[in-house]
Structure formats: structure tokens, C-alpha cells
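Each residue of the sequence shown is one higher than the one before, starting from 1 at the first, in UniProt numbering. Quick reminder that beta carbons are idealized off the backbone N, C-alpha and C, glycines included.
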Amino acid sequence: MTAYLEADDRPGTFVSHAFDEHLVDLGEIRMNYATAGDPAAPALLLIPGQSESWWGYEPAMPLLAEHFHVHAVDLRGQGRSTWTPGRYTIDVFGADLERFIDLVIGRPTLVSGMSSGGVLSAWLSAFAKPGAIRGAVWEDPPVFASQTTPAVGPGIRQAIGPVFTAWNTWLGDQWKVGDLDGLMRAMPTALPPEILRALASMIPPPAPDAAPPPGQNLREYDPEWGRAFVSGAATASCDHETMLRHVRVPVLFTHHFRTVDEQTGRLVGASTDQQARRACELVTEAGQRVDYRSFPDMPHSMHEHAPKQYVETLLDWVATLENEESR
């Protein structure tokens with residue numbers, strides 16, 4: 001069994017950021033996080049996507065800090081949080097976040113997660129203890145599409161799975177291979193042409209002067225995450241249809257760039273229109289309000305590539321929640 005890795009085991013991996021970072025001991029893992037804003041303001045938990053550390057939210061955090069006490073986390077296996085081989089599942093990630101809310105935030109919170117973090121936002125919407133979550137933003141979540149055999153539409157192997165497989169192949173579990181240059185050289189031939197054609201729209205490259213340096217997110221990511229999702233291990237105990245039927249809080253679902261290749265049926269994007277529609281139907285059937293917003297030209301991460309629009313979208317929706325709560 002490969003040993004767990006702490007941030008101190010890989011000190012040369014990291015770069016500095018504008019916000020101070022903290023570690024909290026959750027029992028099995030140490031979770032890294034950054035905060036911004038007035039502690040007296042409403043609480044907001046930000047959950048990054050796969051291969052994204054907390055600092056993916058750095059462009060949006062100063063704007064959010066004007067309205068919220070913000071907590072942005074590194075999930076296990078990402079950033080400075082503990083890397084735990086064999087322990088990357090949606091249910092395990094969700095339990096970590098529940099402990100974090102209890103130990104660090106300590107009061108009802110809004111949650112906003114992107115991509116795999118959006119699925120975890122959905123998990124908290126459904127399975128967090130009563131009263132812990134006020135409402136949840138699902139930013140371009142791969143509902144159904146991150147499962148291997150979903151109830152609706154294409155699964156992960158017919159979607160972004162080849163990207164995760166390439167990361168795991170050239171980098172190896174816990175970066176045991178670590179061939180980042182080889183990965184970059186191999187991507188044009190390792191990925192299906194339909195993914196290559198659309199990937200720049202879904203995940204645009206960062207600006208040349210953007211900090212931190214290119215590839216930093218992958219250096220802070222255990223590629224076993226990708227293998228766990230493509231193999232189905234990450235989602236085996238968390239059926240999305242069941243999860244969505246148990247949602248107990250209001251939801252904002254933002255749906256970004258997506259295309260389905262006519263010849264192969266491959267999805268490039270987080271979820272198809274059919275998958276998003278079915279997710280919203282299930283939340284409604286569960287008796288909860290769901291606000292669906294389509295941004296078909298938006299990259300996968302609105303909070304990173306269009307932070308002002310992300311914050312405005314979140315604030316508009318939160319205002320409607322607060323109006324309902326005040327009645």
C-alpha cells in the first residue's frame with residue numbers, strides 16, 4: 001500500500017498566493033483552505049473541480065469577500081491537502097466537507113462547487129445533515145456524465161475520461177511517473193480528435209502572464225483521482241439519480257460549453273442538455289427549487305475565466321434566497 005502524503009512531504013511543489021493558507025485536521029486527512037471576507041458575513045464554501053486547487057477561485061475571491069466569509073478548500077488528493085491512495089470517492093470527499101463545515105465554518109453555509117466540486121455540492125445538497133446547507137450552486141457539474149454507467153446519456157468514458165486517463169498514464173499515481181513534458185507532447189495523439197477540437201473552448205489555456213505557472217494545477221494533483229473516476233471506483237457508491245432524488249435545499253445549476261460529436265456521440269463538456277434537464281426534473285420532484293442557467297459559450301470554469309460574471313450570477317441567485325428566507 002502506498003503511503004499517504006502530506007504537504008510537508010512535497011514542499012517543492014507549491015507556489016505562494018495572495019491569501020493565507022491554513023490546515024485543519026479532519027482525522028484521516030489534513031485539509032488545506034484559504035479564507036477571505038468578514039467572519040460576521042454569511043458563510044460560503046467553495047469546492048474546486050478535479051485537478052484544481054483552492055486558488056482556482058483566487059480571481060473571484062476578492063469580489064466574493066465583499067459579501068461573504070469565504071472558505072475555499074483543497075480536496076484530498078489536491079493542493080496541500082493529504083493525498084490518500086485508494087480513498088478517492090464522492091462519498092469520502094463529501095464526508096470530508098461535512099467535517100470541514102462542522103469544525104471550521106460552524107454554521108449554516110452556502111456551497112458552490114465546480115465540475116467534480118459541483119457533484120460534491122450536489123452531494124451536500126442531498127446528504128449533509130439537516131440545516132448545514134442553506135443553498136447550493138452547481139457550477140457546470142458532470143451530473144450523470146461522471147459515472148461509468150449513468151441512468152441518462154453518455155458516461156465518463158464517452159466524455160472527458162480520455163483526458164483523465166492520459167494524466168494518470170504520464171504522471172502516475174501520486175506523480176510516481178511525473179512525465180509532465182511527455183504528457184504535453186502526447187496529448188495531440190492520445191486524445192480523440194473530437195476532444196481536441198473542442199477542448200480549447202471548454203478549457204481555454206491561461207493567459208501567458210497568468211500566475212501561477214502553467215501546469216501548476218497538475219503538479220498539485222494526485223492523478224489517481226482520474227483513474228478512480230474512469231474506472232468507476234469514485235462513483236460506485238454514489239448513484240446520481242438516487243442522490244438527486246434526495247436534494248433538500250434550493251439549487252442554482254449553471255450549464256456551460258457542451259457539444260456532442262455527431263459521428264462518435266462523444267460529449268465534450270460537463271453534461272448534455274438531456275442530463276442537465278433530467279437532473280433539474282429530479283430536484284423538482286424532490287420538492288426543491290432549482291434555477292437553471294445556460295451559458296453555452298462559457299468555459300467550464302466560470303469562476304476562473306469570468307469571475308465578475310460568476311459573482312454576479314451567484315449574488316443574483318442568493319438575493320432570491322434571502323427574499324424567501326425573510327418571508
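- When secondary structure is reduced to three states using DSSP, L191 falls in the coil class, being assigned neither helix nor strand.
- By the neighbour-count criterion, in which 16 or more other beta carbons inside 10 Å mark a residue as buried, G161 falls on the buried side.
- Residue environment analysis places L183 among the buried positions, since at least 16 neighbouring C-beta atoms fall within 10 angstroms of its C-beta.
- For F295, the secondary structure class from DSSP, reduced to helix, strand or coil, is coil.
- For R258, the enclosing beta strand (DSSP E) stretches over residues 258-260.
- Our two residues, W170 and H71, have alpha carbons roughly 32 Å apart in a direct line.
- As for any alpha helix (DSSP H) of minimum length 4 sitting wholly inside the region 67-129, the runs are 90-100, 116-127, ordered along the chain.
- P188 sits exposed, since fewer than 16 C-beta atoms from the chains shown fall within 10 Å of its C-beta.
- Membership of V163 in the alpha helix (DSSP H) is indicated by the continuous run 161-171.
- In the structure shown, V137 falls within a strand segment according to DSSP collapsed to helix, strand and coil.
- Apart from sequence neighbours up to five positions away, the residues of its chain that approach F144 with a beta-carbon distance below 6 Å are P150, V152, G153, H240, Q275, ordered along the chain.
- With 16 or more neighbouring CB atoms inside 10 Å of its own CB, E139 falls in the buried class.
- Take R266, set aside five residues on each side of it, and the residues of its chain with a beta-carbon closer than 6 Å to its own are Q158, E194, in chain order.
- The Cβ neighbour count for A198, taken over all protein chains shown within 10 Å, is at least 16; the residue is labelled buried.
- Each residue's CA atom was taken as its position, placing R10 and T272 some 38 Å apart.
- In the displayed model, Y221 falls within a strand according to three-state DSSP.
- Annotated three-state conformation of Y57 is helix, per DSSP.
- Contact between E28 and T84 holds, since their C-beta atoms are separated by about 7 Å, short of 8 Å.
- Relative to the Cα of V119, the nearest Cα in the group Y57, A136, P108 belongs to A136.
- For M31, DSSP records a beta bridge to V24.
- G117 is not a Cβ neighbour of G37, given a cutoff of 9 Å.
- DSSP places L45 in the uninterrupted beta strand (DSSP E) bounded by 43-47.
- At the C-beta level, V104 and Y33 come within 9 Å of one another.
- In the three-state DSSP reduction, F229 falls in the helix class (H, G or I).
- Using a 10 angstroms sphere on the CB of R185, the tally of other CB atoms stays under 16, which defines it as exposed.
- Distance from A279 to F295 at the Cβ level is roughly 16 Å; contact not present, criterion being Cβ atoms closer than 8 Å.
- Within the same chain, Cβ atoms closer than 6 Å to the Cβ of G77 are found at W83, Y88, D222, W225, the five residues on either side in sequence being excluded.
- For L252, the enclosing beta strand (DSSP E) covers residues 251-255.
- Only residues of its own chain outside the window of five on either side were considered, and among them V24, L26, M31, Y33, L45, H71, V73 have a CB closer than 8 Å to the CB of F100, listed in chain order.
- Residue burial is scored here from C-beta neighbours: P142 has at least 16 other C-beta atoms within 10 angstroms and is therefore classed as buried.
- DSSP, read as helix, strand or coil, puts V311 in helix.
- Secondary structure note for L267: its beta strand (DSSP E) is the uninterrupted segment 267-269.
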